[in-house]
Amino acid sequence: MVLMHAIRILGAASLSLFAAAAAEPIGLHPDNPHYFSFRGKPTVLITSAEHYGAVLNGDFDFVRYLDTLKAAGLNLTRTFAGVYYEVPGDFGIARNTLAPKPSRFVGPYARSTAKGALDGLNKFNLDRWNAAYFDRLKRFLRAASDRGIVVELTLFCVYYSDRMWNLSPLNPSNNTSGMAAIPREEVLAMKHPGMVAVQEAFVRKIVQETREFDNVLYEICNEPYIRGLAADDWQSHIAKVIRQAEESLAPPQRHLTGWNAANFARKIDAPDPNVSYYAFHYARPPVTVAQNYSLARPIGMNETGFDGTLDAVYRMQAWDFLMAGGAMYNNLDYSFTAGNEDGAFPVPGNSPGGGSAELRLQLRVLADFFAGLDFVKMRPANDLVTGGLPGGYAARALEQPGQAYAVYVHSGRVMEGYRPRYVYRTGKTSFPISLNLPAGKWRARWTNTRTGKVDHEENFEHPGGHAWVPSPEFTEDIALVVARRDP
Numbered sequence: 010m011v012l013m014h015a016i017r018i019l020g021a022a023s024l025s026l027f028a029a030a031a032a033e034p035i036g037l038h039p040d041n042p043h044y045f046s047f048r049g050k051p052t053v054l055i056t057s058a059e060h061y062g063a064v065l066n067g068d069f070d071f072v073r074y075l076d077t078l079k080a081a082g083l084n085l086t087r088t089f090a091g092v093y094y095e096v097p098g099d100f101g102i103a104r105n106t107l108a109p110k111p112s113r114f115v116g117p118y119a120r121s122t123a124k125g126a127l128d129g130l131n132k133f134n135l136d137r138w139n140a141a142y143f144d145r146l147k148r149f150l151r152a153a154s155d156r157g158i159v160v161e162l163t164l165f166c167v168y169y170s171d172r173m174w175n176l177s178p179l180n181p182s183n184n185t186s187g188m189a190a191i192p193r194e195e196v197l198a199m200k201h202p203g204m205v206a207v208q209e210a211f212v213r214k215i216v217q218e219t220r221e222f223d224n225v226l227y228e229i230c231n232e233p234y235i236r237g238l239a240a241d242d243w244q245s246h247i248a249k250v251i252r253q254a255e256e257s258l259a260p261p262q263r264h265l266t267g268w269n270a271a272n273f274a275r276k277i278d279a280p281d282p283n284v285s286y287y288a289f290h291y292a293r294p295p296v297t298v299a300q301n302y303s304l305a306r307p308i309g310m311n312e313t314g315f316d317g318t319l320d321a322v323y324r325m326q327a328w329d330f331l332m333a334g335g336a337m338y339n340n341l342d343y344s345f346t347a348g349n350e351d352g353a354f355p356v357p358g359n360s361p362g363g364g365s366a367e368l369r370l371q372l373r374v375l376a377d378f379f380a381g382l383d384f385v386k387m388r389p390a391n392d393l394v395t396g397g398l399p400g401g402y403a404a405r406a407l408e409q410p411g412q413a414y415a416v417y418v419h420s421g422r423v424m425e426g427y428r429p430r431y432v433y434r435t436g437k438t439s440f441p442i443s444l445n446l447p448a449g450k451w452r453a454r455w456t457n458t459r460t461g462k463v464d465h466e467e468n469f470e471h472p473g474g475h476a477w478v479p480s481p482e483f484t485e486d487i488a489l490v491v492a493r494r495d496p
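Residue 10 is where the sequence shown starts when you use this note's numbering, and the numbers rise one by one after that.
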C-alpha cells in the first residue's frame, strides 16, 4: 500500500511537471495574429506598471506589487533584465524603482574580489553568473505566472548618458574582462566582437533560465532608436540569437520576441522574421497601428507617460490605442516604489507621468470591455462612424461585420509645445453619432469608461445605412457596443 501510494504521488507529480513543461508560451492568436493567445484564450495585454526595476532592485517587494496588479485585473508588467539601471533623479522620477542603491542592485553577474567599479563596489566577473539574480528572476516570473500576469522581459536598454553607462556591469571599467574601453554609443552594435560575445552569452543564459515559463515575452532593447544608440543589424542579430538559443533547448521553445520600433509612430517596411510583435512608446494618437496593421502581428504601446499626472490622460490613450487595433498597453505608473509596492505612493505634481489606484481600476474597465467582445473576430472600422462628432471629439471603432461594432468616443488630443502634452475636454456633453450599419435588429449599450457602469441601453431596428445612435450625457469619453439581436 505504501509503495502504491508513493507511485500515485510520483505519478501525479510527473503529470504536473509534464503539464508545466507542455504549456505553450504566450503566442500569436492562430485566427487573428494581431492579438495574443495566452493559456488558450485570445488576449490583449493591459497594465499600469512600475518603472522596470521589479527584479533588479533588491528593495522592491515584487510579490506585493504583483498582487496589486492582479487585484486591479491587469495582466502585464515590463521589467529590465539587469545590464542597465539608473541614478536616483533620472528623468525627474521620484523614488524610481529602476534606480536602486548600488549595494541593492541585483544583477546577472557576480561581483569579483577586485575593487574599483565606478559604483564604489567590487568589479563584476562576466564569467560568473549571479545565482541570487537568477533565483530572484525566476521567483518573479513564477509569482507573475501564478497570478496570470505576462512579463515583458527587456534584455537591453540604450545608455542615454555616461552616468547610465558608468553603472552598467558591461562597462569594462566595472568588470574584470580586460576589454578595452568602449564608447557607450557603440555598446549596442556589432563593432566590438568581445562585447557582442558577452551579450550573446547573456541572452543564451536568460533563455535557458526562463525556458519553463509560458508568461514571458522577450523584448530586444528599450528605445534603440534614441540617437541611433542601438543598431538595427545588432538588434536583428540578438533576435537571431534568441531564436537559436530556444531551438537548442530540449524540448525546443519559441517565446515571442518584440522589437521596440519608435517613439510615436513608424511604418515597418522590412519586418524581421525573428520578431513576433512591434512595440511603440507615446503612440498618441495611435496612427502607427494602422501604418503597420498589414504586418499581421500585434502592435503594442508598452510605454507612455510624460503627459502630466492626471488619470484621464492615460485612460484615454489606452482606450484609443486598443480600439485602433492595438494589442498591448502599458502606462508608466510612478505610484509604485520600493516601500509602496501597493501603488499607494502619492505621485508628485511635477512628476513626468502619473499612476494611481483609480487609474488601474479604470484600466480594468477597459480590460472587462474587451473581455465582453469577440475581439479576435474584429478589425478596425475606419468608415463606421459617418457623422455627429462635435469639434474636438474623435472616435475609434472595431467591427465584426454584420454582427457587432464597438466605438470609443473621446476628446483627448496632443498639444505640441505644452505640458501636459495630451489634453481633453472636461465638460459634460451628449450627442448622437451616425453609424453605417447593415439592416437588422440591434442593441446599443453605452459604457462609462471610468466606472464600467452601463449608462444607457436601447434596442432599435434599422433598415440599413446611416443609423443615428444618441449617447447619454458623459464627461471626457464613453464607449459603445452595437450588437445584432436574435430575430
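No residue lacks a Cβ here, since even glycine has one placed at the ideal position from N, Cα and C. All values reported here derive from a predicted model rather than from experimental measurement.
Assigned exposure category for residue i - 16 Cβ within 10 Å defines buried
| i | result |
| --- | --- |
| Met199 | exposed |
| Asn468 | exposed |
| His419 | buried |
| Asp342 | buried |
| Thr122 | exposed |
| Val296 | exposed |
| Ser480 | buried |
| Lys132 | buried |
| Ala190 | exposed |
| Thr318 | buried |
| Asp329 | buried |
| Gly20 | Because the pLDDT at Gly20 is just 45, under 50, the model does not fix this residue reliably, and the point stays unresolved. |
| Ala488 | buried |
| Glu228 | buried |
| Thr88 | buried |
Span separating the alpha-carbon of residue i from that of residue j
| i | j | result |
| --- | --- | --- |
| His43 | Leu130 | 46 Å |
| Asn66 | Tyr93 | 12 Å |
| Asn457 | Leu407 | 18 Å |
| Gly203 | His246 | 15 Å |
| Val491 | Ala90 | 43 Å |
| Leu75 | Trp455 | 31 Å |
| Glu367 | Asn224 | 26 Å |
| Pro34 | Pro307 | 15 Å |
| Thr346 | Glu485 | 29 Å |
| Leu446 | Met387 | 15 Å |
| Leu107 | Val478 | 47 Å |
| Gln244 | Lys214 | 17 Å |
Contact set for residue i: own chain, Cβ-Cβ below 6 Å, skip 5 residues either direction
| i | result |
| --- | --- |
| His290 | Asn272, Glu312 |
| Ala135 | The residue asked about is misnamed: residue 135 is Leu in this sequence, not Ala. If we look at Leu135 and ignore the five residues flanking it on each side, its Cβ neighbours are Tyr118, Asn184, Ser186, Val207. |
| His38 | Tyr44, Ser46, Pro51, Val385 |
| Leu146 | Val64 |
| Tyr168 | Trp174, Arg193 |
| Gly101 | Pro361 |
| Gln326 | Arg293, Thr313 |
| Pro280 | Leu304 |
Residues near residue i in its chain [Cβ-Cβ closer than 7 Å; skip 5 each side]
| i | result |
| --- | --- |
| Asp70 | Glu350 |
| Arg494 | Lys450, Trp451, Arg452, Asn468 |
| Ile503 | Look at the range of the chain in this structure, 10 to 496, and you will see that residue 503 is not part of it. |
| Arg428 | Gly317 |
Opposing strand residues paired with residue i [DSSP bridges]
| i | result |
| --- | --- |
| Arg388 | Glu408 |
| Phe71 | According to DSSP, which records beta bridges pairwise, Phe71 is partnered with nothing at all. |
| Leu162 | Thr88, Tyr227 |
| Lys93 | The question names Lys, yet the displayed sequence has Tyr at residue 93. Answer is none; Tyr93 lacks a bridge partner. |
| Gly57 | The sequence given here has Ser at residue 57, not Gly. Bridge partners of Ser57: Asn340. |
| Thr484 | Lys437 |
| Phe47 | Lys50 |
| Met310 | Phe289, Tyr338 |
| Arg120 | Phe133 |
| Asn272 | His290 |
| Pro109 | According to DSSP, which records beta bridges pairwise, Pro109 is partnered with nothing at all. |
| Ile442 | Val478 |
| Phe114 | Asn66 |
| Glu466 | Arg454 |
| Thr266 | Tyr227 |
| Gly238 | The question names Gly, yet the displayed sequence has Leu at residue 238. Leu238 is not bridged to any residue. |
| Arg493 | Trp451 |
| Val394 | Leu444 |
| His580 | The requested residue 580 does not occur in the structure, where the chain is confined to residues 10 to 496. |
Close beta carbons around residue i, own chain, < 8 Å, minus the five adjacent residues each side
| i | result |
| --- | --- |
| Pro472 | Ala448 |
| Arg422 | Pro294, Gly401, Ala403, Tyr431, Val432, Tyr433 |
| Leu398 | Ala404, Val418, Phe440, Ile442 |
Quick check: the stretch 294-303 against the stretch 313-325, are there 3 or more CB pairs under 8 Å?
Too few Cβ pairs lie closer than 8 Å, so no.
Segment contact flag, the stretch 113-123 with the stretch 151-160, C-beta cutoff 8 Å, min 3 pairs
In this structure the stretch 113-123 does not lie against the stretch 151-160, because fewer than three pairs of beta carbons, one per stretch, are closer than 8 Å.
At least 3 beta-carbon pairs within less than 8 Å: the stretch 190-204 vs the stretch 249-267:
Touching, no.
Given 8 Å as the limit, is there contact between the stretch 372-385 and the stretch 75-83, that is, 3 or more CB pairs closer than that?
Yes, since at least three Cβ pairs between the stretch 372-385 and the stretch 75-83 fall closer than 8 Å, the two stretches touch.
Below 8 Å, how does it come out for the stretch 175-184 and the stretch 141-156: are there three or more Cβ pairs, yes or no?
Fewer than three pairs of CB atoms, one per stretch, sit closer than 8 Å, so the stretch 175-184 makes no contact with the stretch 141-156.
Touching or not, the stretch 351-365 and the stretch 379-395, by the rule of three or more beta carbon pairs under 8 Å?
When Cβ pairs closer than 8 Å are counted between the two stretches, the stretch 351-365 is seen not to touch the stretch 379-395, the count staying below three.
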